[in-house]
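Novice: Pasting a structure below so you can have a look.
There are 2 protein chains.
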Amino acid sequence: MIKLNGNTYQFSAEIFFEMFDDRLKLMIIWYLSNGSMRFKELSNYLQPITNKTLSSKLKQLEELHLIKREVFAEVPPRVEYTLSAHGQQLKPVIDEVVAWSQHYAKTFGQTINEE
Amino acid sequence: MIKLNGNTYQFSAEIFFEMFDDRLKLMIIWYLSNGSMRFKELSNYLQPITNKTLSSKLKQLEELHLIKREVFAEVPPRVEYTLSAHGQQLKPVIDEVVAWSQHYAKTFGQTINEE
DNA sequence: ATCATTAGTATATTTTAGTAAACTATAGTA
DNA sequence: TACTATAGTTTACTAAAATATACTAATGAT
Chain B
40 MIKLNGNTYQ
50 FSAEIFFEMF
60 DDRLKLMIIW
70 YLSNGSMRFK
80 ELSNYLQPIT
90 NKTLSSKLKQ
100 LEELHLIKRE
110 VFAEVPPRVE
120 YTLSAHGQQL
130 KPVIDEVVAW
140 SQHYAKTFGQ
150 TINEE
Chain R
40 MIKLNGNTYQ
50 FSAEIFFEMF
60 DDRLKLMIIW
70 YLSNGSMRFK
80 ELSNYLQPIT
90 NKTLSSKLKQ
100 LEELHLIKRE
110 VFAEVPPRVE
120 YTLSAHGQQL
130 KPVIDEVVAW
140 SQHYAKTFGQ
150 TINEE
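First to last, the protein sequences are chains B and R. Quick note on the working numbering: the first sequence kicks off at 40 and runs consecutively. Quick note on the working numbering: the second sequence kicks off at 40 and runs consecutively.
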């Protein structure tokens with residue numbers, strides 16, 4: 040039995056399942072796994088998404104200690120999002136997700152314009 | 040670019056993200072990874088969950104070719120759910136999820152009544 | 001003076017997912 | 001006769017999540 044933020048879990052994996060209860064948060068981790076990104080950049084990749092939704096997801100990920108938010112004192116503003124140490128430790132999960140997806144796509148989908 | 044069920048994806052991983060856009064479907068895979076289970080059994084593990092929700096999630100997983108549904112001609116009815124080959128190939132993903140979660144729980148949570 | 005840019009916030013509206021509760025068929029049991 | 005069990009379905013409702021749209025501050029460019 041695990042206690043975390045007032046919640047109790049039978050199995051540790053349930054923590055992951057609750058964290059990534061939408062497709063967006065894990066996708067953001069996935070995009071950030073290749074380096075830092077700015078708000079607008081992430082937004083472009085995740086289209087269609089509204090500022091409000093992206094903003095709230097990033098805030099959640101920060102509260103979960105999975106990403107870091109760095110503000111630069113510039114105009115127009117610049118904010119960079121980067122994986123934290125715990126976020127980076129999700130890399131093996133991401134790698135297996137990619138491997139599985141490729142296999143699945145090979146079986147059920149059709150690849151066009153590969154490069 | 041990948042085509043699958045009328046949708047197009049830039050990256051194969053997006054297929055996974057769309058499949059597991061809720062916490063329930065991957066959790067079901069996780070429970071089934073130790074063998075087959077009946078409807079009620081899954082329902083008990085996933086409480087609180089309604090019949091309608093569980094039923095729809097199982098239907099989705101079946102359509103995605105990730106689980107198999109076996110009906111036995113008995114009264115009261117017996118239906119067993121089992122991972123398909125593609126479902127079983129999610130095992131490495133699950134394993135990494137478990138490993139990461141344990142590490143995360145060790146850092147931010149507190150384990151009580153471990154055994 | 002006005003436009004463009006970034007990283008959001010604010011407000012109102014719509015969509016979606018999930019819930020609760022009742023119901024089905026079939027056979028065995030009290 | 002009524003109750004139990006299983007594996008759902010059906011209906012009506014609600015709460016949560018996402019959307020569209022407009023807005024802000026500060027600066028440089030046109």
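Quick reminder that beta carbons are idealized off the backbone N, C-alpha and C, glycines included.
Between which two residues does the alpha helix (DSSP H) harbouring V137 of chain R extend?
Specialist: As a position in the second sequence, residue 137 of chain R is number 98, starting the count at 1. From DSSP, the alpha helix (DSSP H) with V137 of chain R extends over 130-147.
Novice: Mind listing the chain B neighbours of M40 of chain R? Cutoff is C-beta to C-beta under 9 Å, in chain order.
Specialist: The residue given as residue 40 of chain R occupies position 1 in the second sequence. Simply T150, I151, N152, E153.
Novice: What does the Cβ neighbour count give for E113 of chain B, buried or exposed, with the cut at 16 atoms within 10 Å?
Specialist: The residue you call residue 113 of chain B lines up with position 74 of the first sequence. Exposed, because fewer than 16 other Cβ atoms sit within 10 Å of the Cβ of E113 of chain B.
Novice: Leaving out five residues before and five after F59 of chain B in sequence, what residues of the same chain have Cβ atoms less than 8 Å from its Cβ?
Specialist: Your numbering for residue 59 of chain B matches position 20 in the first sequence. Excluding positions up to five away in sequence, the list reads L65.
Novice: Mind checking which residues open and close the alpha helix (DSSP H) that includes L100 of chain B?
Specialist: Position 61 of the first sequence, counted from the start, is the residue given in the question as residue 100 of chain B. First-last of the alpha helix (DSSP H) with L100 of chain B: 90-102.
Novice: From this set, R:S140, R:R62, R:K130, R:K91, which residue's C-alpha is nearest S140 of chain B's C-alpha?
Specialist: What you label residue 140 of chain B is simply residue 101 of the first sequence in a count that begins at 1. Measuring from the Cα of S140 of chain B, the nearest candidate turns out to be R:K130.
Novice: Does the beta carbon of V110 of chain B come closer than 9 Å to any beta carbon on chain R?
Specialist: As a first step, residue 110 of chain B must be located in the first sequence, where it is residue number 71. Cβ-Cβ to chain R under 9 Å: no for V110 of chain B.
Novice: Return the Cβ separation of I54 of chain R and A144 of chain B in integer angstroms, given the expectation that the two are a contact with Cβ distance under 8 Å.
Specialist: On the second sequence, residue 54 of chain R is found 15 positions in, with the first residue counted as 1. On the first sequence, residue 144 of chain B is found 105 positions in, with the first residue counted as 1. About 6 Å; that satisfies the 8 Å criterion.
Novice: Does any residue of chain B bring its CB to less than 9 Å from the CB of L129 of chain R?
Specialist: The count along the second sequence starts at 1 and reaches residue 129 of chain R at position 90. With 9 Å as the cut-off, L129 of chain R counts as an interface residue toward chain B.
Novice: Which same chain residues end up closer than 8 Å to S82 of chain B when comparing Cβ atoms and leaving out the 5 residues on each side of it in sequence?
Specialist: As a working mapping, residue 82 of chain B is identified with position 43 in the first sequence. Closer than 8 Å at Cβ, skipping near neighbours: I88, N90, L93.
Novice: Quick check on the DSSP output: the alpha helix (DSSP H) that includes I67 of chain B runs from which residue to which?
Specialist: Within the first sequence, residue 67 of chain B is the residue found at index 28, counting from 1. That run of the alpha helix (DSSP H) goes 62-71.
Novice: With distances taken between CB atoms, is the gap from Y48 of chain B to M76 of chain B smaller than 9 Å?
Specialist: Walking along the first sequence from the start, residue 48 of chain B turns up at place 9. Walking along the first sequence from the start, residue 76 of chain B turns up at place 37. No. Outside cutoff.
Novice: Are there 16 or more other CB atoms within 10 angstroms of the CB of G74 of chain R, so buried, or fewer, so exposed?
Specialist: Residue mapping note: residue 74 of chain R aligns to position 35 of the second sequence, counting from 1. Result: exposed.
Novice: Considering only C-alpha positions, which residue in the set B:G148, B:E57, B:S51, B:L103 is nearest to H104 of chain R?
Specialist: Residue mapping note: residue 104 of chain R aligns to position 65 of the second sequence, counting from 1. Selected option, being the one with the closest Cα: B:G148.
Novice: By the three-class DSSP mapping on this structure, what secondary structure does I41 of chain B have?
Specialist: Within the first sequence, numbered from 1, the residue matching residue 41 of chain B stands at position 2. If DSSP states are grouped into helix, strand and coil, I41 of chain B belongs with the strands.
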